[in-house]
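Asker: Next up is a structure, given as structure tokens.
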Amino acid sequence: MARIVIPADYEHLSLAYEFVEAQAKALGLSNAEIYDIKLATDEAVTNIILHGYCGCEGEIQVDVEQHENALIVVLTDCGRLYDPTKKIAPDLNVPLSRRSKGGMGVYLMKKNLDQMSYQQTDDGRNRLTMVKKKALA
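Numbering follows my numbering, with no gaps: position 93 of the sequence shown is 89.
Shown next as structure tokens:
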């Protein structure tokens, strides 16, 4: 398992998805699969910074593990508790002009990942687990 801890601010956002990208390349994920996990990581970390910490200082722990043919990314933070897996998908039939701003990030994460789960840790932290499987040839 590989780990980095980054400050919860936008200046350090790229550290998270570049770290995940390096691990995904090491596993041999395709460019499309790497894009999917990087997008999910970017969206999740952005949401933690914006909604979890709400501009306050904090840290985000990024753990990456390779398990057989899957890359597992676990984000842990001490921000406000929030379970993104319970977010209802947006109605894509509503014209863009009538949709509220935002709301597509979690939807895109769910669409691009093979699995996403959330748990509140015993010490009250958020833990989001994202799984991207390598396509078998």
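C-beta: ideal position from N, C-alpha, C; glycine also.
In this text, all values refer to a predicted model and were calculated from it rather than measured experimentally.
#1: Starting from K34, trace the beta strand (DSSP E) in both directions and tell me its first and last residue.
#2: What separation, rounded to the nearest whole angstrom, lies between the Cα atoms of A66 and K129?
#3: Can you check which of these residues, H47, L109, K34 and Q111, is closest to N122 by C-alpha distance?
#4: Whose CA, out of A28, G24, V69 and K107, lies closest to the CA of R160?
#5: Can you tell me where the alpha helix (DSSP H) holding Y13 begins and where it ends?
#6: Would you call D79 buried or exposed, if buried means 16 or more other Cβ atoms sit within 10 Å of its Cβ?
#7: Thinking E14 and A20 are a contact (beta carbons under 8 Å), I'd like their distance in whole angstroms, please.
#8: Rounded to whole angstroms, what's the CA-CA distance from Q115 to A18? Just pull it up for me.
#9: For P3, list the residues DSSP reports as bridge partners.
#10: With DSSP collapsed to three states, give me the class of K130.
Answerer: With the structure as the only source:
#1: Indexing the sequence shown from 1 puts residue 34 at position 38. No beta strand (DSSP E) holds K34; the alpha helix (DSSP H) holding it covers N27 to N43.
#2: For the purposes of this step, residue 66 is taken as residue 70 along the sequence shown, with counting starting at 1. For the purposes of this step, residue 129 is taken as residue 133 along the sequence shown, with counting starting at 1. Pairing A66 with K129, the inter-Cα distance amounts to about 4 Å.
#3: Numbered from 1 along the sequence shown, position 126 holds the residue referred to as residue 122. Ranking H47, L109, K34 and Q111 by Cα distance to N122 puts H47 first.
#4: One cannot answer for residue 160 here, as it falls past the ends of the chain, which runs -3 to 133.
#5: Residue mapping note: residue 13 aligns to position 17 of the sequence shown, counting from 1. Where Y13 is concerned, the enclosing alpha helix (DSSP H) starts and stops at L9 to L23.
#6: Locating residue 79 in the sequence shown gives position 83, counting from the first residue. So D79 ends up on the exposed side.
#7: Reading the sequence shown from its first residue, position 18 is the one you call residue 14. Reading the sequence shown from its first residue, position 24 is the one you call residue 20. Their Cβ separation, rounded to whole angstroms, is 11 Å, which puts E14 and A20 out of contact at 8 Å.
#8: The residue given as residue 115 occupies position 119 in the sequence shown. The residue given as residue 18 occupies position 22 in the sequence shown. Computed Cα separation, rounded: 26 Å.
#9: The residue given as residue 3 occupies position 7 in the sequence shown. Answer by DSSP bridge pairing, in chain order: E55.
#10: Here the question's residue 130 lines up with position 134 in the sequence shown. In this structure, K130 counts as coil in the three-state DSSP scheme.
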